[in-house]
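Read through the structure below, which is laid out as structure tokens, and then see the notes.
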Amino acid sequence: MRLAIIGECMVELSNSENDLYHLGFGGDTLNTAVYYSRCGGDAEYVTALSDDILSKKMLQQWQAEGVGTQHVKIMPNTVPGLYLIENDDGGERHFHYWRTHSPARYLLDNFPRVLDELNEYDAIFLSGITLSLYSSDTRKMLCDFLQYFRGRGGLVIFDNNYRPRNWSSVSEASAAFNEIMHIADLALLSMEDEIALHGEHSMPNCLARWLKSGATEVVIKNGAEGVLAGNTTDSFKVAVPTVVKPVDTTAAGDSFNGAFLASKARGQSLAMCVRAGQYCAAQVIMHKGAIVPRDVNLIEGAA
Ligand code: AMP
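Following the working numbering, the numbering of the sequence shown begins with 43 at its first residue and continues without gaps.
Below you can see the structure in the form of structure tokens.
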């Protein structure tokens, strides 16, 4: 399955000690691309970067992970998005962002033909964070393209990552999520984010809503509570095989997606894809940071 993943990766400054910060890179969709690649998948990351030293380092790191960069557009004289993670005295993490004018936000406005380039792929993955990068006009252009892409047999995959601070209002976010809901084939959802956007409701309710809107496969992740998965004919719960005490839950859902999709690319059943996602996520949350060391085994039985 040739997969294109659209989104934004940012410079990450973390783990400050005496005001010395660790330099890294992160972003939900990039995390999914990295774990998809580590689990054997073949993905291209679709975004815009600057031509500065940090953007060049990002590109090198993605390539070293086996993530394709042929659709990464370069906007000279810009500054890539950046976030800083601060740990307060209680160990709680706080995120501070500098991303309002990051190049990734201008990808589709400045390089609209990138969408034509994506026509050759089997599947396109994007998230709620991806949608929040663009203006409503640009989002419409993207959604029109995705509708067309699905209509000609492409698989549209959506993760509902909802970050309220990325949206000017709840109604703007609701409108964007309602639109993509009618376009996505495969929804890889976080129950927590569904509740944050739509209010308290049950997992079966959530599943029914997405299937009714036109999704053909829906996977609802709910932390240690397990997964509810379903398609147009069947639905089933999958408990988390081994509940662990997490070290850092960053990228739990993103890594689940990467392993799930790599399993799907190998033609495995929905239940097996869920199992692969659960195994990978459980390994990732036992390590600090979004991207765990390369020697961590992410595929069950492969050690
Ligand atoms: P979440 O985004 O919080 O729903 O988490 C994504 C996935 O990470 C879940 O579907 C689980 O498979 C896995 N996960 C989350 N928390 C735990 C935990 N405490 N132990 C094992 N797996 C977990």
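In this text, a Cβ means the ideal position worked out from N, Cα and C, and glycines have one as well.
So residue i and residue j are in contact, right, with Cβ under 8 Å, and what is the actual spacing, rounded?
i	j	result
residue 196	residue 163	7 Å
residue 332	residue 73	5 Å
residue 227	residue 257	6 Å
residue 201	residue 295	7 Å
residue 49	residue 172	4 Å
When the Cα atoms are used, what is the spatial distance from residue i to residue j?
i	j	result
residue 136	residue 252	32 Å
residue 326	residue 215	29 Å
residue 46	residue 167	6 Å
residue 143	residue 88	17 Å
residue 116	residue 188	23 Å
residue 293	residue 99	21 Å
residue 96	residue 203	25 Å
residue 154	residue 92	17 Å
residue 186	residue 131	47 Å
residue 147	residue 289	32 Å
residue 150	residue 156	7 Å
residue 170	residue 60	35 Å
residue 310	residue 58	42 Å
residue 322	residue 145	31 Å
residue 259	residue 230	9 Å
residue 183	residue 192	14 Å
residue 194	residue 165	11 Å
Once you ignore the five residues that flank residue i on each side, which residues in its own chain have a CB closer than 6 Å to its CB?
i	result
residue 78	85, 300, 303 and 304
Who does residue i pair with in a DSSP beta bridge?
i	result
residue 129	135
residue 84	44
residue 201	169 and 230
residue 140	124
residue 271	261 and 278
residue 115	90
residue 100	Residue 100 is not bridged to any residue.
In chain order, what residues of the same chain lie with their CB nearer than 7 Å to the CB of residue i, ignoring the 5 residues before and after it?
i	result
residue 68	51, 52, 54 and 332
residue 209	174 and 215
residue 223	252 and 255
residue 245	233, 262, 264 and 270
residue 249	260, 262, 270, 272 and 277
residue 82	304
Excluding the five sequence neighbours on either side, which residues of its own chain have a C-beta within less than 8 Å of the C-beta of residue i, listed in chain order?
i	result
residue 324	282, 283, 284 and 286
The ligand AMP: which residues have Cβ under 5 Å from any of its heavy atoms, chain order? Going along the chain, the residues that qualify are 232, 263, 265, 266, 282, 285, 286, 294, 295, 298, 320, 323 and 324.
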